[in-house]
Each structure stands twice: as structure tokens, then as C-alpha cells.
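Enquirer: Protein chains in written order, with my numbering: chain V, 78 to 607; chain U, 78 to 607.
We put the beta carbon where it would ideally sit given N, CA and C, even for glycine.
Let me give you the structure first, and then I'll get to my questions.
Protein chains: 2
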Amino acid sequence: MPVSRRSFIHAVGAAGGYSAAFTAMQALGLLAPSTAFAGAPPDLAKGGGGKGAKVVILGAGVAGMAAAWELGKAGYDCTILEARARTGGRVWTVRKGDKIEMTDGSRQVCQWDEGQYMNAGAARLPSHHQIVLGYCRELGVELEVEVNASRSAFLLNPMANDGKPIRMRTAINDTRGHVSELLAKAINKGALDAELTADDKQRMVAFLKTYGDLSPDLFYKGSERAGLKIEPGAGDEKAVPFDPVSLKTLLDQDLWNGVLFEEVIDMQATMFQPKGGMDMIPHAFAKALGPKIIKRRCEVRQIRKTGKGVKIAYRDLAAGVDAVIEADYCISTIPLPVLAKIDADFSPAHKAAITRTPYRDSIKIAWQAPRFWEGPKYQIYGGLSFVKGPSNMVWYPSYGLHSKTGVILGAYAGGRAADQLAKMPRADQIEHTRKVIEAMHPGCGKLLEKPMQVQWGAVPYTLGIGVGWASDDEPDYHQLGRPDGPIHFAGEYLSHVGAWQEGAIRSAHRAIVMLDAQHRQGPVSAQRVI
Amino acid sequence: MPVSRRSFIHAVGAAGGYSAAFTAMQALGLLAPSTAFAGAPPDLAKGGGGKGAKVVILGAGVAGMAAAWELGKAGYDCTILEARARTGGRVWTVRKGDKIEMTDGSRQVCQWDEGQYMNAGAARLPSHHQIVLGYCRELGVELEVEVNASRSAFLLNPMANDGKPIRMRTAINDTRGHVSELLAKAINKGALDAELTADDKQRMVAFLKTYGDLSPDLFYKGSERAGLKIEPGAGDEKAVPFDPVSLKTLLDQDLWNGVLFEEVIDMQATMFQPKGGMDMIPHAFAKALGPKIIKRRCEVRQIRKTGKGVKIAYRDLAAGVDAVIEADYCISTIPLPVLAKIDADFSPAHKAAITRTPYRDSIKIAWQAPRFWEGPKYQIYGGLSFVKGPSNMVWYPSYGLHSKTGVILGAYAGGRAADQLAKMPRADQIEHTRKVIEAMHPGCGKLLEKPMQVQWGAVPYTLGIGVGWASDDEPDYHQLGRPDGPIHFAGEYLSHVGAWQEGAIRSAHRAIVMLDAQHRQGPVSAQRVI
Ligand SMILES: Cc1cc2nc3c(=O)[nH]c(=O)nc-3n(C[C@H](O)[C@H](O)[C@H](O)COP(=O)(O)OP(=O)(O)OC[C@H]3O[C@@H](n4cnc5c(N)ncnc54)[C@H](O)[C@@H]3O)c2cc1C
Ligand SMILES: Cc1cc2nc3c(=O)[nH]c(=O)nc-3n(C[C@H](O)[C@H](O)[C@H](O)COP(=O)(O)OP(=O)(O)OC[C@H]3O[C@@H](n4cnc5c(N)ncnc54)[C@H](O)[C@@H]3O)c2cc1C
Numbered sequence: 078m079p080v081s082r083r084s085f086i087h088a089v090g091a092a093g094g095y096s097a098a099f100t101a102m103q104a105l106g107l108l109a110p111s112t113a114f115a116g117a118p119p120d121l122a123k124g125g126g127g128k129g130a131k132v133v134i135l136g137a138g139v140a141g142m143a144a145a146w147e148l149g150k151a152g153y154d155c156t157i158l159e160a161r162a163r164t165g166g167r168v169w170t171v172r173k174g175d176k177i178e179m180t181d182g183s184r185q186v187c188q189w190d191e192g193q194y195m196n197a198g199a200a201r202l203p204s205h206h207q208i209v210l211g212y213c214r215e216l217g218v219e220l221e222v223e224v225n226a227s228r229s230a231f232l233l234n235p236m237a238n239d240g241k242p243i244r245m246r247t248a249i250n251d252t253r254g255h256v257s258e259l260l261a262k263a264i265n266k267g268a269l270d271a272e273l274t275a276d277d278k279q280r281m282v283a284f285l286k287t288y289g290d291l292s293p294d295l296f297y298k299g300s301e302r303a304g305l306k307i308e309p310g311a312g313d314e315k316a317v318p319f320d321p322v323s324l325k326t327l328l329d330q331d332l333w334n335g336v337l338f339e340e341v342i343d344m345q346a347t348m349f350q351p352k353g354g355m356d357m358i359p360h361a362f363a364k365a366l367g368p369k370i371i372k373r374r375c376e377v378r379q380i381r382k383t384g385k386g387v388k389i390a391y392r393d394l395a396a397g398v399d400a401v402i403e404a405d406y407c408i409s410t411i412p413l414p415v416l417a418k419i420d421a422d423f424s425p426a427h428k429a430a431i432t433r434t435p436y437r438d439s440i441k442i443a444w445q446a447p448r449f450w451e452g453p454k455y456q457i458y459g460g461l462s463f464v465k466g467p468s469n470m471v472w473y474p475s476y477g478l479h480s481k482t483g484v485i486l487g488a489y490a491g492g493r494a495a496d497q498l499a500k501m502p503r504a505d506q507i508e509h510t511r512k513v514i515e516a517m518h519p520g521c522g523k524l525l526e527k528p529m530q531v532q533w534g535a536v537p538y539t540l541g542i543g544v545g546w547a548s549d550d551e552p553d554y555h556q557l558g559r560p561d562g563p564i565h566f567a568g569e570y571l572s573h574v575g576a577w578q579e580g581a582i583r584s585a586h587r588a589i590v591m592l593d594a595q596h597r598q599g600p601v602s603a604q605r606v607i
Numbered sequence: 078m079p080v081s082r083r084s085f086i087h088a089v090g091a092a093g094g095y096s097a098a099f100t101a102m103q104a105l106g107l108l109a110p111s112t113a114f115a116g117a118p119p120d121l122a123k124g125g126g127g128k129g130a131k132v133v134i135l136g137a138g139v140a141g142m143a144a145a146w147e148l149g150k151a152g153y154d155c156t157i158l159e160a161r162a163r164t165g166g167r168v169w170t171v172r173k174g175d176k177i178e179m180t181d182g183s184r185q186v187c188q189w190d191e192g193q194y195m196n197a198g199a200a201r202l203p204s205h206h207q208i209v210l211g212y213c214r215e216l217g218v219e220l221e222v223e224v225n226a227s228r229s230a231f232l233l234n235p236m237a238n239d240g241k242p243i244r245m246r247t248a249i250n251d252t253r254g255h256v257s258e259l260l261a262k263a264i265n266k267g268a269l270d271a272e273l274t275a276d277d278k279q280r281m282v283a284f285l286k287t288y289g290d291l292s293p294d295l296f297y298k299g300s301e302r303a304g305l306k307i308e309p310g311a312g313d314e315k316a317v318p319f320d321p322v323s324l325k326t327l328l329d330q331d332l333w334n335g336v337l338f339e340e341v342i343d344m345q346a347t348m349f350q351p352k353g354g355m356d357m358i359p360h361a362f363a364k365a366l367g368p369k370i371i372k373r374r375c376e377v378r379q380i381r382k383t384g385k386g387v388k389i390a391y392r393d394l395a396a397g398v399d400a401v402i403e404a405d406y407c408i409s410t411i412p413l414p415v416l417a418k419i420d421a422d423f424s425p426a427h428k429a430a431i432t433r434t435p436y437r438d439s440i441k442i443a444w445q446a447p448r449f450w451e452g453p454k455y456q457i458y459g460g461l462s463f464v465k466g467p468s469n470m471v472w473y474p475s476y477g478l479h480s481k482t483g484v485i486l487g488a489y490a491g492g493r494a495a496d497q498l499a500k501m502p503r504a505d506q507i508e509h510t511r512k513v514i515e516a517m518h519p520g521c522g523k524l525l526e527k528p529m530q531v532q533w534g535a536v537p538y539t540l541g542i543g544v545g546w547a548s549d550d551e552p553d554y555h556q557l558g559r560p561d562g563p564i565h566f567a568g569e570y571l572s573h574v575g576a577w578q579e580g581a582i583r584s585a586h587r588a589i590v591m592l593d594a595q596h597r598q599g600p601v602s603a604q605r606v607i
């Protein structure tokens, strides 16, 4: 069937041109595929309504606030208890005057210029995180493009290529050239005769010539794609491409995670960031919910099931008093390492899962500097350079392009790299990132000033970048996905989109659907414990 | 020597970690390479100064205005004659109320909403066009990111894959997967034993596994990079990648120019556009130069060398009178097909070059529409979809992301594609682009309204997108690069960066350097004709 359709369209096309072919296609109902997307916020209001039911939500991160926002639409009476003075949790933008205080008692005060900031936690949004993008639209958060990949950025392995960095455009295109040359050779030697027909072989070789930008005799001799030694201009100024970097050097460089970074499904263009900082998202939620729903500086200290619902004891840190709130339901979005230390009467299975679930660490180190990476010499406007070693990358800012000053990340390390980095004293970590930037941008290390470091494993009320599930199917994941009586769980750790706001919010949506279903079964006291 | 340095650094690295390796590198003076860049504007003021010398410049495109701007800094007394009411030439932004009038007498009036526009000519700036970017900084033109590549955009060949479009992420990553699988197989069969040592072979296969996202047994079975059939979410919502598109289908699709477009050196991220439209650049030049220098609606009709300099006759279209201006020097930036028709006493060699130099055509067709390409279904925010056929591409707007309405290009065709498209009546061209968009975005064709078409070969005072030199070394190119006595030539056609503002301006810089050198030799009448 597809074959006959195709040949029909082909015949139409040959006779009547492309325009006729399109008409035929449409007549046959051949439609564009679209990505499956089941992630619209649940419409609880349709289901019956939560009027009269009280819900207490623990934590005013995006999970907690999205839960309150949607439950509110269905008439539920929500209160959020948030330990910090600010909302947003791991969505945190650091600006002039902000303090980074960590569990070791250290305290850094940000002294950057007005208008400069770093997104200490969440910093980018891919095009397919439609739940978050949808809330940006609903709540009026203005977005701008986050430049996640620049062909002018660098790859730097201090142990390879004499410690000289290689431009991204060079690595990407020289690699493709070498791979194409080798495959074309192998095909012409007959090595793939079992896999390819004579016709296929010919088409493949023609394709590889284009793909790798090979010479007519099928060698890769360098390509303008990989960068120009001399930029073209007027008169006799003709473009001269660089000589290709050898495959051996590229293999030694061994930074394929950097070369392929822009292909990671969550990192693919187009990427976004809110104008002015990622915390515009929690700010918009907090403004929409208002202070009657969000109680700041209220630290949850005890969690109890009462038979009719829940009783939460908390410390009002502003007033310096202890208080209690009762509700029919609870949603906890407190990160697990924090929750594990709170006095709670969770079921043994829930408690065990909460206590043993591992969280990963993450470190960002940011500097203020004049934008030496922009302009004629480096021509880097946003994007990431990748580094072998614990600092992992250099991240150039996507806001304020072409202005005087910027905030550049000298390190953004997760997992093992973060653990390695964390072994150095903070001052050494900071100086290490200065050296890395100096190695990529000689003479510029001294332009870096006012460093700020955040280590998420040591940030109170967070204690990690996010969960480190060993697989997609951990029993503890499923355990925490089930409510403990009237207490539901939500947050980044309860999704398959770990360490993204999208995952946190989708887990919140799931929790409120379950809560709403539970509510429609009648009073909690009469319900079977799930 | 490099080897010993490298092993030294390696030894240091092994003993003292990455940080020590960086210190050693810096001690050894191993520096980052940077791109050669000789394109700063010439500083004529240093050379001596042009006080008292008069220059008449023909055309207020970016070449003419950049020439006047730099000559003015050195004291030259410049006048620009510009035939149109607007400046900018091929840098032209069309908005509500603007008219597109063509040589066939047709006239389209733009009726889009306030704030909507299309860049009918120049539309993007790569990071390495540092001359243009430098003027944006100098003249205060605010830039924003132009999204030149979106992994969510489409490739559509109506004669292949049953006429179904393929997402860019799928084509890019499935192609890489198949190529990697084939090469790994060939290596393991020993086909490249002459080229690779045993050690190389092992490293290559390990690399190809990462590069192509191959299975442990070295097959390409699809990859999350190529897109998800099911997006991950909370609970049991695990990501499910698409099945891979076969190599045969990808070869049939035959849109490698689209797949590799973002690797074209002038198209690589980061790309820019001025906020509000590309004409912000000529507007900034025109504002800096002022109406005393730029005479609008003055159509050059005759060009004469006088022995002491030049005499230019023109028609003041506003006043409806003929006039003459004399000057010591002239710079013509009038596009060649237009210049060829002007009465001028150029040397025979210059005249011949001007008359026979071919220009290429280009067509853009733009529609206003609600942004159906954004949002959950298509998730396309800026970028280009590529189409086999004369309309060539669909270009999604990079401004106003996440707003209600946008202007989308249904066609941007150059060269042969433009010639093919131009064979249809304008109304048919426009309807063709509606069909193409409908084929990619079923049901959305009817949302397109208020089409505007511009065919540059038929735009008065331009008559083409730019020059079509057959090679990098045409005798006519060199001929026009030499002045004809006091008359110098500049413009896009006199550079190796054809059809870019950067080339036009670099040719202007070259011309004023020659003019200034000529001036410092004394009066033109006494000079040897070059
Ligand atoms: C370094 C880093 C980079 C990231 N990058 C991205 C990115 O680029 N894009 C993206 O979308 N996401 C990113 N993420 C992930 C994203 O930030 C999280 O997934 C998301 O913000 C988690 O939301 P949450 O509501 O589940 O948890 P949280 O934001 O942690 O919210 C939990 C809330 O509970 C509060 N709380 C804790 N203890 C108590 C208590 N005892 N009493 C009361 N309240 C308490 C906390 O103060 C906090 O406000 C990143 C995260 C980090 C750390
Ligand atoms: C469709 C298209 C897409 C492009 N895309 C890009 C892009 O993305 N980025 C980029 O940087 N560049 C792009 N360019 C190229 C860029 O626009 C040109 O290279 C550049 O603008 C040329 O400048 P110029 O000054 O040489 O010529 P022009 O801009 O053509 O200026 C010549 C001037 O002479 C005037 N003139 C003509 N005849 C007379 C006369 N008889 N009397 C007086 N004045 C006269 C004209 O009105 C005009 O103002 C594009 C161009 C086109 C057409």
C-alpha cells in the first residue's frame, strides 16, 4: 500500500511538478506525524470539585506551587508551608545582595553589578517541556532563547592535543569527515557487500561525499565547516579552511559527551530561559497564588496522619513560634534527604524508601567578567565549552549578549565530577575554574572577579541536585508513587524527567489526580489504605 | 617537542590532578588558538585625513553608508545619492503599510498586524561577521538570537517516505546511527586494517558506539536523540524512542543540504538578528550620517569623469528636477545590473565587466498566521524546515516566540529553485507555499493569510539577490576591484562573502583605503590612471 501510494505520488510529481504532488498527497490523506504528548495539566474542575476540602502542601518549589495552582482551580483550599523566605526551591536565581549559605556554615554574598545573575539551579528549558512552557504562557513569563550550543565554543582536555582547546565546529565537522572517509573506503573495498546492493553502495558513497565534505577522490582534506584559518573578505582575501585535526587527536581529546551534547533529547535547540532569570517562573506562581496560600519561613517539623487527615507541626521562623495545621490531605514535595530527617509517621515501606533513596550532588561556580569571550577573538555568544576534569564545562551567558559585562560559569559539575570537585577546598575549586578559563582564553583568567559557588548537596532544604535512581524501575520509586493514606508525594524524584522542572510538575499533576480521585471516594477515614 | 611537552603535562596531570596539569600548561605557554581576523574597519584618520576632498557615493545600502561613515571620520566631505525613499537597499524590512513594487508593475501592500514583519532581504548574522556586529555595537543596534536550526523542524520530500515529513532530530541522529553501525561492522571485518592499528580499531569501535548510540552488539536500534514516540512523565510514563528511519528512506529523502545546513560556516550557531527588523542596521547608519550626507530619492542617471574628478547627474524625484553634483572621487555601490543601464563613461574594461556579470534571483514568500508551529503539537520555535522543490524551505520566525501571531516564510528560494518558482504566476507560487505548509502542518494551510512575495530579480534598483561569480577568481572581479580613475567600486559583488552584509561592507572598507591612498598621492588630474 505505501509503495503504490508512493509511486502514484511520484508519477503525479513527474508529470505535474511538485505542486501537483502536494495536491495528490493531501488528497490521499498523508499527514505529518506528530510527537505523542499526554502532558496537559489535569482538568480537575471537570471531575467534581474540591470545595470544602483542605490540602496542605509541603514546599513551595514548582511541584508544590503547580499542585496548589491546579487544585485551587477545582476549589480545593490549599496552604503551602515553605521553610525559606523565597519560593522556587531548586529554581533559584542569585543576584546582587543574595546570600548563598551552606550546611558547613559558610556564607557568600553576591556583589555582582545590577542586572547580572546566575541561575544557580534550573537554567534552561527545552522545546518539548510543554508543561513548563505552557505555564510560562498562562502566567505571563517572558522567554528568550537560551543558546545551548555554539560552534565557536571549545573542547579542552589538558592531557591531549598539547593542552590546546579545539573549537566545537572543528571537532564536529572533522570527526564527520574522517568517519565518512573511512566508511567510503570500506564500501569501495567491498567490505559491506553483504549489507548493501551495488546501487546502495553507489548512493552511499555519493552521500558520504556530501556528508563528510570529501574530496572527489574521497579523502577528507578539511572543510570550511570546520572553521577558517583566514576569514573571507574583499579583494584577494579568500577563505582558507584549517587543516583537519587528525582522528587520532580527536580520539585522544575524548570529549564526545561535549561533541554530542546538543543531541541529548533534553538539550536540543530550540532551548529557552525566562528573561531576567529562571526564578521568574516561581515568582509568577507565587504571585498568582498569593500570600494567603503560601506561608513562607514555615519549616515543617512533624508529619502525622490523624485518621481524618493530616496534622503538620511547623516552626514559624519569622515569628519564632511553633504552630500546627490540620488538613484532609497532604502533598509533600520536600526533597527526600530533607524529608528523611523530619519526624513523620509514614508507613514503614514509605519510610524505608525515603531514607535510602540516594541524591546526587552538583556544583556551579560563577564569575563576573567583561565579555572577553564575545567579539572578534573568540566569537562565542552563549553556549558551552567542555572540559575534561572535575569542572566539566564553561557556560557562557545567553542574556545581555553584546553588552559590557557578563556572568560566566567556570564549572557546572554533576555526579562523579561534582564529587571530585567537592574534595577540594572551596577556594581551590574556584581557582581551578579560573585556570580552566585561562587555558581556553589566555590572558583572561585575571579578568574574572567576584566568584560565587553553590554546592547543591550542601544547600539546606535541598541537599542534592536530584534523585539518583539506579534504573527506570526502582521499587522505591513505585512505593513513593503511591500515597501513604492522605499523604501524597510529588517532586522531581517522582518522574522519569529527573532534574527538570517538567518532571517535578508532572509528578505534581499525577499526585493531584490521585488525590482528587481519593477525595471523590469520600472521607479519608472511611477509605481503604492504598 | 610537542610529544615531550604533552607527556610532561600528562605526568604532571597523573601526579597532581587536572589543576596541576593546567598550571603546567600555562607555565609552558601553551595557548588557545584563535581565528585569524583582519577585518577591523580601516582607521583612515591616522593616515593623514581627507579634509577638503569631496566624495560622492552612489547608493545608500550598507556598503555606501559604511564608506561614508568611515570617510567622514577622516574628514572627507561625503554625499550619498540614493534613488529610493528608504536607505538599506537589500536590507529591507517589510511591515504594515509597506509596498512591494516590482518591475512588472505589480504592487502589494502589507496588511499584517502592528509589530509583525519580514526581513525581505538580509535576515541573519553569523557570529564571525564581526564587522557588521561591530557596527551594531558602535551604532547601538540591539541584537537578539536568530534561531537558525531547530531539531523539531522538518525535512519534506513529497516524492519520498510517502510524502511524510521527517523531523530534523530524526534525520540527523538516525543518519549518524546508521553510518556508525556500518563503519563499526567494516572495522570488525578487518576492512580497514591497512588504515588502523589494532589499538586504533578498538578505540574507533568504542567511539562509534557512543557516536551512533549503538547497542552493545553494535547495531543501531534507534536512539532517544532521534526523538520520542512517548515523552517521559511521572508514574509509569517512561520515554519511548521512535523506531529508526531506515538508511534507505533517509537516502530517498535526499535533503542533505537541510541536514547539514547548520554546519555551513555562515549558518552556524550562534546567529543573530537585530531586534525589530534587520533594517535597524541601515536606520542606525542613516541616523548617524544624517540628511545632509544622504540625499534620498535622488536617482543617478549619468556618470562622467572630468579629469579633476567626477560629475554625477541625477534626478531629484521628490522635487521632480534634474541636478548635477561634482566631486573629487566617487564610490559606486549600485548593483551591477542596475549600473549597466546607467549612462557612464567607464573604461571599456570596466564597462564590459559591469555589463556581463550575472546576478542570481531570489524569492521570499511570507504569510501572517497564528503560531500553529509552536506549542505542544509541533514544538517548533524558530528554525528552518527544508523542502524538496522550488519553495526550498519554510522559515519560522525567531522574534515574538510564544506570542499569538507570527510571520512565517513559505518559501525562500535562490538560484535554480528561484528560477523554477518564478516560472509560475505569482498567485500560484503563493498557493504552492500554502500546500507545502499544509503538508508539514496538516490543517494549518487555511490559517495562513495576507501573503507577501518579493522576487529580488524584479526589485527596481536591485535586480537580483547578488552576484553569481562562476569562481573565486574571475577576471571581471579583479577588474572591478581596481578603480576607474577617480571612480571606485564597492558592494556585495566585490567580496568573497557574497550575498552578506559583511562582504558588502568589507568591499567598502577596501575601496576607501584605495581612495585614501589615491588622495594622498595628490590631485587626481596629476595621477597615473591605475
Ligand atoms: C543545579 C541544577 C540544575 C538544574 N537544571 C535544570 C534546568 O536547566 N531546567 C529545568 O527545568 N530544571 C533544572 N533543574 C531541576 C529543577 O530545578 C528541579 O527538578 C525542580 O525545581 C524541583 O522542584 P520540586 O518542587 O520538586 O523541588 P524543590 O524545588 O526542591 O522544592 C522543594 C521545596 O521544599 C522546601 N522545603 C524543604 N524542606 C522543608 C521543610 N522542612 N519545611 C518546609 N519547606 C521545606 C524547599 O525550601 C523547597 O522550596 C536543575 C536543578 C539543579 C539543582
Ligand atoms: C534575499 C536576500 C537575503 C539575504 N540574506 C542576508 C543575510 O541573511 N545576512 C546578511 O548579512 N546579508 C544578506 N543578504 C545580503 C545583503 O543584503 C547584501 O549583501 C547587502 O545588503 C548589499 O549591500 P550593498 O550596499 O552592496 O548593495 P545594496 O543594498 O543593493 O545597495 C545599493 C543601493 O543603491 C541604490 N541605487 C540603485 N540604483 C541607484 C541609482 N540609479 N541611483 C541612486 N541609488 C541607486 C539602491 O536603492 C540601494 O540602496 C541578503 C540579500 C538578499 C537579497
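Does the beta carbon of V/Ser204 fall short of 8 Å from some heavy atom of ligand 1?
Expert: Every heavy atom of ligand 1 is 8 Å or more from the Cβ of V/Ser204, so no.
Enquirer: Can you tell which of V/Leu148, V/Lys150 and V/Asp154 has the C-alpha that lies nearest to the C-alpha of V/Lys131?
Expert: V/Lys131 has its Cα closest to that of V/Asp154, out of V/Leu148, V/Lys150 and V/Asp154.
Enquirer: If you measure from the CB of U/Gly492, is any heavy atom of ligand 2 nearer than 8 Å?
Expert: No, ligand 2 has no heavy atom inside 8 Å of this Cβ.
Enquirer: At which residues does the alpha helix (DSSP H) containing V/Arg47 begin and terminate?
Expert: Chain V is shown only over 78 to 607; residue 47 of chain V falls outside these bounds and no answer can be derived.
Enquirer: Look at U/Val133 and U/Gly165 and say whether their C-beta atoms are less than 9 Å apart.
Expert: Cβ distance not < 9 Å, so U/Val133 and U/Gly165 don't count as in contact.
Enquirer: Under 8 Å: does the beta carbon of U/Ser439 sit that close to some heavy atom of ligand 2?
Expert: Indeed, a heavy atom of ligand 2 lies less than 8 Å from the Cβ.
Enquirer: Are the C-beta of U/Val471 and some C-beta of chain V separated by less than 9 Å?
Expert: Output row for U/Val471: interface = no.
Enquirer: Comparing C-alpha positions only, which one of U/Leu416, U/Met470, U/Thr539 and U/Pro435 sits nearest to U/Gln379?
Expert: The shortest C-alpha separation from U/Gln379 is found at U/Leu416.
Enquirer: How would you label U/Ser475, buried or exposed, when you count the other beta carbons within 10 angstroms and need 16 or more for buried?
Expert: With 16 or more other Cβ atoms within 10 Å, it is buried.
Enquirer: So, at 6 Å on beta carbons, what are the nonlocal neighbours of U/Ser292 in its own chain, with the 5 sequence-adjacent residues on each side left out?
Expert: Excluding residues within five positions, the ones whose Cβ falls inside 6 Å are Lys298.
Enquirer: If you draw a straight line from the C-alpha of U/Ala588 to the C-alpha of V/Thr482, how long is it?
Expert: So the alpha carbons of these two residues sit roughly 35 Å apart.
Enquirer: May I have the straight-line CA-CA distance separating U/Gly534 from V/His479, to the nearest angstrom?
Expert: Those two C-alpha atoms are separated by around 35 Å.
Enquirer: So with Cβ pairs under 9 Å, would you call U/Lys150 a contact of chain V?
Expert: Not one chain V Cβ lies under 9 Å of U/Lys150.
Enquirer: If U/Gln118 and U/Ile208 are in contact, beta carbons under 8 Å, what's the gap, nearest whole angstrom?
Expert: A quick correction: the sequence has Pro, not Gln, at residue 118 of chain U. Between U/Ile208 and U/Pro118 the Cβ distance is about 7 Å, and since that is below 8 Å, they are a contact.
Enquirer: Whose Cβ in chain V lies nearer than 8 Å to the Cβ of U/Trp333?
Expert: Going along chain V in sequence order, the residues near U/Trp333 (Cβ under 8 Å) are Phe284, Thr287 and Tyr288.
Enquirer: Run the proximity test for U/Arg583: is its beta-carbon closer than 8 Å to any non-hydrogen atom belonging to ligand 2?
Expert: Result no, Cβ not under 8 Å from ligand 2.
Enquirer: From the DSSP output, in three-state form, read off U/Cys375 for me.
Expert: Correct three-state label for U/Cys375: strand.
Enquirer: Just mark V/Arg597 as buried or exposed, buried being the case when its beta carbon has 16 or more other beta carbons within 10 Å.
Expert: Flag for V/Arg597 reads exposed.
Enquirer: Beta carbon of U/Thr180: closer than 8 Å to some heavy atom of ligand 2?
Expert: Checking the Cβ of U/Thr180 against ligand 2 gives no.
Enquirer: U/Ala200 and U/Asn581 - do their beta-carbons sit closer together than 9 Å?
Expert: Contrary to the premise, residue 581 of chain U reads as Ala rather than Asn in this sequence. No; because the gap between Cβ atoms is not below 9 Å, this pair is not in contact.
Enquirer: Measure the CB-CB distance between V/Thr180 and V/Pro537 and report whether it falls below 9 Å.
Expert: For V/Thr180 and V/Pro537, yes; Cβs fall inside 9 Å.
Enquirer: Report yes if the C-beta distance between U/Asn225 and U/Leu486 is below 9 Å; otherwise report no.
Expert: No, they are not a contact pair.
Enquirer: Comparing C-alpha positions only, which one of U/Asn265, U/Asn250, U/Leu269 and U/Ile249 sits nearest to V/Ala258?
Expert: Per the sequence presented here, residue 258 of chain V reads as Glu, with Ala not at that position. Residue U/Leu269 is the option with its Cα nearest to V/Glu258.
Enquirer: Determine the burial state of V/Val186: buried for a count of at least 16 other Cβ atoms within 10 Å of its Cβ, exposed for fewer.
Expert: Looking at its Cβ environment, which holds fewer than 16 other Cβ atoms inside 10 Å, V/Val186 is exposed.
Enquirer: Compare the C-beta of U/Ala311 with all C-beta atoms of chain V and state if any pair is closer than 9 Å.
Expert: Taking Cβ atoms only, chain V reaches closer than 9 Å to U/Ala311, which makes this a yes.
Enquirer: Would you list the residues sitting across from U/Asn196 in a DSSP beta bridge?
Expert: U/Thr170.
Enquirer: Do U/Gly136 and U/Asp593 come within 9 Å of each other at the CB atom, strictly closer than that value?
Expert: Taking 9 Å as the Cβ cut-off, U/Asp593 and U/Gly136 do not qualify as a contacting pair.
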